[in-house]
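Each remark here refers to the structure printed beneath this line.
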Amino acid sequence: MAKQEDGKLRLFAVRTSPHVSGALTTPRVMYDVLIALVPAILAAVWLFRGHAVVLLVSTVAGAVLAEMFGNRLLRREQSIGDGSAILTGVILALCLPPTFPFYFAALGGAVSTGIGKMAFGGLGYNVFNPAMVGRTFLTACFGTMMTTWIEPGTLATIGGVEAVTAATPLGLAKQLLKAGGDASLMAQISSQMPALPRLFLGNIGGSLGETSALAILLGGAWMLWRRTITWHIPIGVLLGAAVFGTIAWLADPAGVVNPLTHLLGGSMIFGAFIIATDPVTCPLSAKGRFWFGVGVGLLTMLIRIVGGYPEGVMYAVLLMNAITPFLDRWTATRPVGLGGPSYA
Amino acid sequence: MQQLKPLPRDLTQGARSFPGGVHPSEHKEITEALAIERLALPSQIILPLAMHAGAPARPTVGKKDEVARAQRVGEASGFVSAPVHSPVFGTVSDVTAVPHQSGRMVRAILIRTDIERTQEAIEAEAEQRVDADLDLSPYEPRKITEAAKEGGLVGLGGAAFPTYIKLTRIEKKPTDIALLNGSECEPYLTADHRMMLEQPGAILAGLRLAMKATGASRGAIGIEDNKPDALRTMRQALSAAGVPEPIDIVALKTKYPQGGERSLIPAITGRAVPVGGFPPDAGVAILNVGTAAALAYAVAHGRPLIERVLTLTGPGIAQPGNLLVPIGTPIRHLVEQRGGPTEDAARVILGGPMMGPAAAQLDLPVMKGMSGITILTEAQTRPRKEVACIRCGRCVDVCPSGLMPATLARLVIKRRIAEARDQHLLACVECGSCAYICPSHIPLVQYLRSGKALVRALPKES
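Chains as they are written, first to last, in my numbering: chain F, 1 to 344; chain C, 345 to 806.
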């Protein structure tokens with residue numbers, strides 16, 4: 001055998017193919033979602049000023065600290081660098097009412113990653129969407145504070161003059177449903193409902209990041225372009241909600257607000273593009289993701305129109321998370337060429 | 345008899361493809377403009393008796409025997425087997441065990457080359473040509489398959505399956521289309537690309553012979569659209585020859601693994617190869633373009649498979665190129681003549697980087713199915729840390745076989761092998777798209793590969 005000059009045979013490492021790999025990494029996926037949230041964050045800061053900044057910092061701090069603690073406890077390598085705890089914190093903050101106390105927000109962040117993720121074994125093993133676990137916890141504990149909304153732009157004087165409280169479009173929709181045919185009351189409620197263009201831009205009462213459909217759609221477009229997400233979940237959610245909403249509206253045009261208000265109001269758009277698309281807790285196959293989305297849309301509208309709460313995205317996502325293992329089974333892909341050559 | 349889905353009437357519009365797949369960096373610019381060339385002959389030829397799928401050949405020569413170029417030195421030993429021929433004039437120095445790329449030892453015939461005589465023979469052969477409009481009337485189907493069998497032809501795309509079997513008509517499975525695979529979807533490799541540019545006539549003649557042998561009424565050559573010059577050259581050669589058979593030059597989307605037969609066949613014919621079946625089950629005979637050219641030379645000039653074109657490439661080699669080399673040439677001979685391996689060379693891949701096996705050392709021979717030697721550097725092959733699956737589903741989206749690699753890998757890891765079998769693990773073609781795309785750097789195809797071995801080891805009907 002030929003030898004090298006120093007007399008040693010030069011050996012090369014043997015690995016199995018493929019010998020090259022794509023550029024995509026898990027942190028890159030997480031940071032792509034964070035980039036997608038930049039417009040929503042900017043909209044939140046513009047609409048709700050300092051409140052937005054304080055809440056974002058608190059939830060992220062809570063989420064990151066709980067994850068660090070969890071890693072310590074499990075004697076694991078620190079995983080903050082993968083960006084997922086930061087992302088969970090940001091998503092949770094964007095789901096909170098602007099006036100929510102920052103210390104409870106931090107607690108919510110800690111519950112999100114601590115119980116929602118680390119208790120299950122860390123990133124990749126959690127069954128439920130961590131941010132929604134945190135939000136559910138906060139809703140259960142601080143129900144009133146979680147549903148106190150203010151008019152955007154009334155916060156220039158934080159700590160001084162009290163901000164103007166405002167009803168959300170979905171809160172109004174719920175009142176309308178409960179008005180029970182009282183025509184004058186219904187007319188009064190309907191008159192308060194913001195117009196659709198305002199809903200689209202987001203200058204309305206609501207959670208920090210959920211009010212501006214425009215900002216979220218910009219982020220959604222970025223994620224679709226980067227292929228961070230596929231269309232299946234967002235379209236599924238919107239389709240499921242639109243179908244349910246349209247049928248309910250046609251059945252009771254006076255009591256039920258039009259489906260577009262349901263799509264643009266509350267956290268439907270945010271849920272469709274940002275929350276429901278969390279890869280860990282949704283099905284694997286494209287088909288599964290689509291039906292997962294449809295389920296989220298239908299359940300959200302069921303809760304909003306038939307159920308007791310004005311908003312339902314959070315519970316809809318958690319319920320669909322719970323049945324994801326079944327969805328995975330029902331929507332398993334079909335191997336190419338199974339059953340004969342005429343299938344292609 | 346099975347009823348096959350009718351073939352698409354027009355194959356020439358747009359670029360056809362298959363669902364799934366990935367887009368690795370191509371790096372074909374390194375060699376795609378370099379014409380095929382010969383290097384100096386090696387002083388020694390190493391001819392393994394197992395260079396093909398199936399049973400190894402039996403040696404028909406012994407130590408100190410004189411052999412001639414194109415002389416048969418090993419005979420086929422079964423239905424799925426192929427003979428081996430000497431690419432050189434020379435003397436057999438030994439019939440012994442040599443290192444194989446797998447790390448095992450395999451039997452091989454070692455020949456000391458008579459460089460002068462071989463050189464003369466090569467120069468004399470340079471006159472031989474095959475044109476696209478080759479007169480097929482003297483060649484009955486039997487004669488064509490015989491030529492492929494006697495010539496030791498095997499698939500040059502990588503799998504090295506004996507060609508004569510692919511060309512043999514099967515009574516119950518009539519073939520209505522013969523396909524040539526010119527996709528060359530592996531990154532770096534350009535051997536097939538250069539063959540299409542430099543030997544379009546032989547390739548077309550080979551396709552026509554394959555059609556005649558199999559009884560296929562139509563023929564098509566699939567070429568990825570990152571090779572517009574090859575598409576143009578083949579189309580020009582086809583129209584200039586004015587052959588009677590209906591043949592289409594089909595543009596395919598540039599996407600890995602477009603050149604896998606289970607991707608190429610659906611892309612062109614709209615029919616899938618059944619799970620557990622073979623191309624004839626879809627009414628298809630399929631050869632690599634290089635194999636088609638070799639078939640044309642075997643039939644028209646009686647030339648056995650003793651040489652092939654391969655791409656020597658990658659940043660680990662100083663002078664990359666497309667080389668016409670005798671089968672059995674030591675890889676070291678090629679690499680050292682072209683200024684390699686470089687200081688930072690770290691991985692020697694026999695083939696392309698997506699599916700080619702890695703070699704531990706250079707003292708291995710070029711074999712019939714070796715389409716390239718890709719040498720990557722340390723920086724390109726740094727191992728990446730595997731982290732937990734985030735269930736992003738990208739492996740599912742890219743799998744050309746329609747499998748769920750993340751789910752299957754988990755079953756394999758947990759040794760739930762029967763479940764993995766029931767979820768069609770054996771339908772995996774091991775293209776590696778899943779491992780390539782995985783953002784968590786999970787070696788998915790590696791798990792699937794070992795899982796397939798475990799499935800095959802299961803007792804029947806467990």
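The beta-carbon is built from N, C-alpha and C at its ideal position, and this holds for glycine as well. This structure is a prediction, so every number in the text was calculated from the model and none was measured.
Just to make sure I have the definition right: I need the residues of chain C whose C-beta is within less than 9 Å of the C-beta of residue i. Which are they?
i        : result
F:Ser112 : Neighbours of F:Ser112 on chain C: none; closest Cβ ~16 Å, over 9 Å.
F:Ser285 : Gly737, Val740, Asp741 and Met748
F:Leu74  : Residues of chain C passing the Cβ test: none, with the nearest at roughly 13 Å.
F:Leu338 : Ala616, Pro618, Val619, Gly746, His768 and Ala771
Is it the case that the Cβ atoms of residue i and residue j are separated by a distance below 8 Å?
i        : j        : result
F:Gly209 : F:Ile41  : yes
C:Thr721 : C:Ala690 : yes
C:Leu596 : C:Ser527 : yes
C:Gly634 : C:Arg652 : yes
F:Ser17  : C:Gly501 : no
C:Ala662 : C:Thr686 : yes
C:Val643 : C:Leu523 : no
C:Gly603 : C:Asn666 : no
F:Pro39  : F:Gly219 : yes
C:Ala753 : C:Leu788 : yes
C:Ile612 : C:Gly566 : yes
C:Val628 : C:Ile675 : no
F:Thr148 : F:Met314 : no
C:Pro623 : C:Pro744 : no
F:Val317 : F:Ile275 : yes
What is the C-beta distance between residue i and residue j, in whole angstroms, given that I count them as a contact (C-beta under 8 Å)?
i        : j        : result
C:Gly364 : F:Arg289 : At roughly 16 Å, the Cβ-Cβ gap does not stay under 8 Å, so C:Gly364 and F:Arg289 are not in contact.
F:Thr350 : F:Ala66  : As displayed, chain F neither begins before 1 nor continues past 344, which places residue 350 of chain F out of reach and without an answer.
C:Pro431 : C:Ile390 : Rounded, the Cβ-Cβ distance is 11 Å, inconsistent with contact.
F:Phe292 : F:Leu327 : 6 Å
F:Gly109 : F:Gly62  : 3 Å
F:Thr333 : C:Leu747 : 7 Å
F:Ala23  : F:Thr88  : About 24 Å; that fails the 8 Å criterion.
C:Ile734 : F:Val296 : With 8 Å as the limit, C:Ile734 and F:Val296 do not qualify as a contact, their Cβ atoms being about 19 Å apart.
F:Ala93  : F:Ala106 : About 10 Å; that fails the 8 Å criterion.
C:Val309 : C:Lys408 : With chain C covering only 345 through 806, there is no way to say anything about residue 309 of chain C.
Which same chain residues, not among the five before or five after residue i, have their C-beta less than 6 Å away from its C-beta?
i        : result
F:Ile141 : In the sequence on display, residue 141 of chain F carries Cys and not Ile. Hits under 6 Å: none found.
F:Ile229 : Met223 and Thr277
C:Ala504 : His396, Ala397, Val498, Lys712 and Gly713
F:Ile158 : Model confidence at F:Ile158 stands at a pLDDT of 43, short of 50, so the residue's coordinates are unreliable; what they give is reported in the following sentence. So the list reads Gly50, once near-sequence residues are dropped.
F:Leu264 : Leu199, Phe200 and Ala213
C:Pro590 : Arg562
F:Pro253 : none
What residues from chain F crowd round residue i, counting only those whose CB sits closer than 7 Å?
i        : result
C:Ala732 : Gly122, Leu123, Gly124 and Tyr125
C:Cys736 : Val29 and Pro279
C:Ser784 : Thr26
C:Ile547 : Going along chain F, no residue has its Cβ under 7 Å from C:Ile547, so there is no contact; the nearest lies around 26 Å.
C:Ile693 : His19
Starting from the C-beta of residue i, find all residues in its chain whose C-beta is less than 8 Å away, skip the five residues before and the five after it, and write them out in chain order.
i        : result
C:Ser369 : Pro531
C:Gly559 : Pro485, Arg513, Pro518 and Thr519
C:Leu393 : Pro400, Ala401, Arg402, Pro403, Gly418, Val428, Val450, Arg451, Ala452 and Ile453
C:Ile757 : Tyr791
Please compile the residues from chain C whose C-beta is within a distance smaller than 7 Å of the C-beta of residue i.
i        : result
F:Leu9   : Gln705
F:Val296 : Chain C residues near F:Val296: none, gap ~16 Å exceeds 7 Å.
F:Leu318 : Per Cβ cutoff of 7 Å: no residues; F:Leu318 is ~17 Å from chain C at best.
Whose Cβ in chain F lies nearer than 9 Å to the Cβ of residue i?
i        : result
C:Leu844 : As shown, chain C starts at 345 and ends at 806. That puts residue 844 of chain C outside it, with no answer to give.
C:Tyr780 : Pro18, Val20, Ser21 and Gly22
C:Met699 : Ser17 and Pro18
C:Thr577 : None at all; the shortest Cβ gap to chain F is about 29 Å.
C:Val366 : Gly22
Cβ closer than 8 Å: which chain C residues qualify as neighbours of residue i?
i        : result
F:Pro335 : Val619, Ser745, Gly746, Leu747, His768 and Ala771
F:Leu332 : Reading the sequence as shown, one finds Ala at residue 332 of chain F and not Leu. In chain order: Met748, Thr751 and Gln767.
F:Arg289 : Gly737
Grab me the residues of residue i's own chain with a C-beta within less than 7 Å of its C-beta, minus the 5 sequence neighbours each way, in chain order.
i        : result
F:Val161 : Caution applies to F:Val161, whose pLDDT of 41 falls short of 50 and renders its modelled position unreliable; the value that the coordinates give is listed next. If we look at F:Val161 and ignore the five residues flanking it on each side, it has no Cβ neighbours.
F:Ala344 : For F:Ala344, the pLDDT reaches just 42, beneath the cut-off of 50, and the residue's location in the model is therefore unreliable, although a value from the coordinates is still provided. Excluding positions up to five away in sequence, the list is empty.
F:Phe102 : Val54, Leu55 and Ser58
F:Pro335 : none
C:Arg793 : Glu774
For a contact defined as C-beta to C-beta under 8 Å, what are the partners of residue i on chain F?
i        : result
C:Gln388 : Per Cβ cutoff of 8 Å: no residues; C:Gln388 is ~11 Å from chain F at best.
Selection of the segment 13-33 of chain F by Cβ proximity to chain C, strictly under 8 Å = Using a CB distance below 8 Å, the part of the segment 13-33 of chain F facing chain C consists of Ala13, Val14, Arg15, Thr16, Ser17, Pro18, His19, Val20, Ser21, Gly22, Leu24, Thr25, Thr26, Arg28 and Val29, ordered along the chain.
Short-range partners of chain F found in the segment 588-622 of chain C, where Cβ spacing is below 8 Å = Answer in chain order: Arg606, Pro610, Thr613, Gly614, Arg615, Ala616, Val617, Pro618, Val619 and Gly621.
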